[in-house]
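*Asks:*
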Amino acid sequence: MTSKDLLPRNRTRTGWSSFAWQVGIYAAYFAQFMKSRLAYRMDFLIDTLAVSFSILIQMAVLTTLFSKVKALEGWSFPQVLFIYGFSLVPLGLFNLISVNLYRFSDQYIIQGKMDRVLLRPVGTLTQVLCESFNVSGLNEILLGTGVMIYAGRELGLQPGVGHLLGLLVLAPAAALVYAGVFLAITSVAFWYEDRMGLAPPVYNLIRFSRYPITIYSMPVRVFLTFVLPFGWVAFYPATWFLGSPGFSRVALLTPVVGLIVFSGAVLIWKRGLTRYASTGS
Numbered sequence: 685m686t687s688k689d690l691l692p693r694n695r696t697r698t699g700w701s702s703f704a705w706q707v708g709i710y711a712a713y714f715a716q717f718m719k720s721r722l723a724y725r726m727d728f729l730i731d732t733l734a735v736s737f738s739i740l741i742q743m744a745v746l747t748t749l750f751s752k753v754k755a756l757e758g759w760s761f762p763q764v765l766f767i768y769g770f771s772l773v774p775l776g777l778f779n780l781i782s783v784n785l786y787r788f789s790d791q792y793i794i795q796g797k798m799d800r801v802l803l804r805p806v807g808t809l810t811q812v813l814c815e816s817f818n819v820s821g822l823n824e825i826l827l828g829t830g831v832m833i834y835a836g837r838e839l840g841l842q843p844g845v846g847h848l849l850g851l852l853v854l855a856p857a858a859a860l861v862y863a864g865v866f867l868a869i870t871s872v873a874f875w876y877e878d879r880m881g882l883a884p885p886v887y888n889l890i891r892f893s894r895y896p897i898t899i900y901s902m903p904v905r906v907f908l909t910f911v912l913p914f915g916w917v918a919f920y921p922a923t924w925f926l927g928s929p930g931f932s933r934v935a936l937l938t939p940v941v942g943l944i945v946f947s948g949a950v951l952i953w954k955r956g957l958t959r960y961a962s963t964g965s
């Protein structure tokens with residue numbers, strides 16, 4: 685049995701009606717997940733505190749570094765801190781829905797969970813993304829926002845409606861870059877059934893995006909801009925708020941980059957679906 689045999693054939697809803705219907709389903713997914721997580725409140729609290737503590741440790745290391753070095757390739761501590769804070773917001777948005785991408789090969793391909801996904805009249809990708817959530821992503825969003833506010837005050841930035849709108853556009857667009865990169869990596873599982881996958885080592889490279897890209901050598905800059913585009917998840921969009929000459933206009937390309945990366949990953953996903961064969965279990 686192939687994926688084509690499992691795909692639902694009768695879909696009567698179209699256009700905005702279908703979109704609203706599916707959004708309602710995804711909201712129900714999230715509501716049920718939160719109910720199950722809050723059933724074990726102590727576990728939820730410990731997980732939340734662990735993520736917050738990890739981020740605070742990283743910020744402490746950054747603060748210690750700048751207690752010895754007043755500037756990093758021309759970037760002051762508040763500027764680097766702002767970029768770091770911004771990086772947490774799209775990362776938090778991505779982490780909310782990224783849980784199943786890391787275990788996709790094992791649970792959906794090797795164990796055959798993908799059969800159930802294909803039998804439902806809801807998009808396969810959104811089912812995989814929304815069947816489980818990582819609520820610790822909310823911590824990263826809140827902490828990142830707090831860090832940006834603090835760093836912005838140190839820099840004398842005057843937040844306004846334009847900054848809020850910029851954040852509402854640039855942060856989700858940067859999150860699309862994350863989603864596109866890891867979705868493309870996840871889709872490789874349709875060809876190669878690897879339990880671990882490429883996601884863990886690539887995820888470790890995210891930390892390079894939390895600092896000004898100009899501190900790296902030219903080959904690294906090119907790599908983080910065009911090959912593994914993590915430069916677009918923090919540095920480039922953050923410079924729009926900082927008003928950095930030469931970069932603030934480039935930052936406006938972030939939504940375009942996000943759409944291109946994510947759309948390309950979706951195409952790889954759809955191509956991979958045609959290669960999926962049921963486990964028969």
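The numbering used here applies: residue 685 is where the sequence shown begins, and numbers increase by one. C-beta atoms are modelled at their ideal positions from N, C-alpha and C, and glycine is treated no differently.
Check whether the stretch 936-944 touches the stretch 841-861, counting contact only when three or more Cβ pairs, one atom from each stretch, lie closer than 8 Å.
*Replies:* yes
*Asks:* Would you tell me roughly how many angstroms separate the C-alpha atoms of Leu-926 and Trp-916, rounded to the nearest one?
*Replies:* As a first step, residue 926 is located in the sequence shown; it is residue number 242 there, counting from the start. As a first step, residue 916 is located in the sequence shown; it is residue number 232 there, counting from the start. Distance between the alpha carbons of Leu-926 and Trp-916: 15 Å.
*Asks:* Could you name the residues that DSSP lists as bridge partners for Trp-759?
*Replies:* The sequence position of residue 759 within the sequence shown is 75, counting from 1. Partner(s): Leu-756.
*Asks:* With DSSP collapsed to three states, give me the class of Ala-918.
*Replies:* For the purposes of this step, residue 918 is taken as the residue at position 234 of the sequence shown. Coil, per DSSP.
*Asks:* May I have the straight-line CA-CA distance separating Thr-682 from Gly-758, to the nearest angstrom?
*Replies:* Shown here, the chain extends from 685 to 965; a query on residue 682 therefore has no answer.
*Asks:* Here's a check: name, in chain order, each residue in its chain whose Cβ is nearer than 8 Å to the Cβ of Phe-946, leaving out the five neighbours to either side.
*Replies:* By 1-based counting over the sequence shown, the position of residue 946 is 262. Leu-860, Val-861, Ala-863, Gly-864, Leu-867, listed in sequence order.
*Asks:* Taking just the CA atoms, how far does Pro-921 sit from Ser-962?
*Replies:* Along the sequence shown, one-based indexing puts residue 962 at 278. Along the sequence shown, one-based indexing puts residue 921 at 237. Their Cα atoms are separated by approximately 42 Å.
*Asks:* What's the gap between the Cα of Arg-905 and the Cα of Glu-838?
*Replies:* As a working mapping, residue 905 is identified with position 221 in the sequence shown. As a working mapping, residue 838 is identified with position 154 in the sequence shown. When rounded, the distance between both Cα atoms is 28 Å.
*Asks:* At a cut-off of 7 Å, would you count Tyr-876 as near the ligand COA, judging by its Cβ distance to the nearest heavy atom?
*Replies:* Summarising the ligand content, the structure contains no ligands, and the ligand COA is consequently not present.
*Asks:* Using the C-alpha atoms, what's the distance from Val-911 back to Ser-789?
*Replies:* Counting from one through the sequence shown, the residue named residue 789 turns up at place 105. Counting from one through the sequence shown, the residue named residue 911 turns up at place 227. If I take the Cα positions, the gap works out to 24 Å.
*Asks:* May I have a chain-ordered list of the alpha helix (DSSP H) segments no shorter than 4 residues that lie completely inside the stretch 864-898?
*Replies:* List check, alpha helix (DSSP H) in window: 883-888.
*Asks:* Within 10 angstroms of its Cβ, does Phe-737 collect 16 or more other Cβ (buried), or is it exposed?
*Replies:* Counting from one through the sequence shown, the residue named residue 737 turns up at place 53. Exposed: under 16 other Cβ atoms inside 10 Å.
*Asks:* Output the boundary residues of the alpha helix (DSSP H) element that contains Ala-835.
*Replies:* Here residue 835 is taken as the residue at index 151 of the sequence shown, counted from 1. Its alpha helix (DSSP H) spans residues 820-839.
*Asks:* Tell me whether Tyr-876 is buried or exposed, calling it buried when 16 or more other Cβ atoms sit within 10 Å of its Cβ.
*Replies:* Numbered from 1 along the sequence shown, position 192 holds the residue referred to as residue 876. Exposed.
*Asks:* Taking the alpha-carbon of Arg-891 as reference, which of Pro-843, Gln-742, Trp-953, Ser-760 has the nearest alpha-carbon?
*Replies:* Mapped onto the sequence shown, residue 891 falls at position 207. Minimum Cα distance to Arg-891 is reached at Gln-742.
*Asks:* In this structure, does DSSP put Val-806 in helix, strand or coil?
*Replies:* Sequence index remark: in the sequence shown, residue 806 carries index 122 (1-based). Val-806: coil per DSSP, three-state reduction.
*Asks:* Exposed or buried, which one is Pro-774 when buried takes at least 16 other CB atoms within 10 Å?
*Replies:* Against the sequence shown, residue 774 aligns to sequence position 90. So Pro-774 counts as buried.
*Asks:* Just checking my contact of Ser-820 with Asn-779 at CB under 8 Å: how many whole Å lie between their CB atoms?
*Replies:* On the sequence shown, residue 820 is found 136 positions in, with the first residue counted as 1. On the sequence shown, residue 779 is found 95 positions in, with the first residue counted as 1. That pair is a contact at about 7 Å.
*Asks:* If you compare alpha carbons, which of Met-832, Gly-708, Ser-782 is closest to Pro-884?
*Replies:* On the sequence shown, position 200 is the one that residue 884 refers to. Checked all of Met-832, Gly-708, Ser-782; the closest Cα to Pro-884 is Ser-782.
*Asks:* Report yes if the CB atom of Tyr-768 is closer than 8 Å to the CB atom of Arg-955, and no otherwise.
*Replies:* Counted from its first residue, the sequence shown places residue 768 at position 84. Counted from its first residue, the sequence shown places residue 955 at position 271. No.
*Asks:* Going by beta carbon distance, what residues of the same chain come within less than 7 Å of Phe-914, once the five residues before and after it are set aside?
*Replies:* What you label residue 914 is simply residue 230 of the sequence shown in a count that begins at 1. So the qualifying residues of the chain are Leu-889, Ile-890, Phe-892, Ser-893, Leu-908.
*Asks:* On the three-state DSSP scale, how would you describe Ser-701?
*Replies:* Locating residue 701 in the sequence shown gives position 17, counting from the first residue. If DSSP states are grouped into helix, strand and coil, Ser-701 belongs with the helices.
*Asks:* Distance check for Leu-841 and Ala-873, CA to CA, integer angstroms please.
*Replies:* Residue numbering aside, residue 873 sits at position 189 when the sequence shown is read from its first letter. Residue numbering aside, residue 841 sits at position 157 when the sequence shown is read from its first letter. Each residue's alpha carbon lies about 45 Å from the other.
*Asks:* Could you name the residues of the same chain whose beta carbon sits closer than 7 Å to that of Met-931, not counting the 5 residues immediately before and after it, in chain order?
*Replies:* To locate residue 931, count along the sequence shown from 1; it is residue 247. The residue asked about is misnamed: residue 931 is Phe in this sequence, not Met. Excluding sequence neighbours, Phe-931 sits near Tyr-920, Thr-923.
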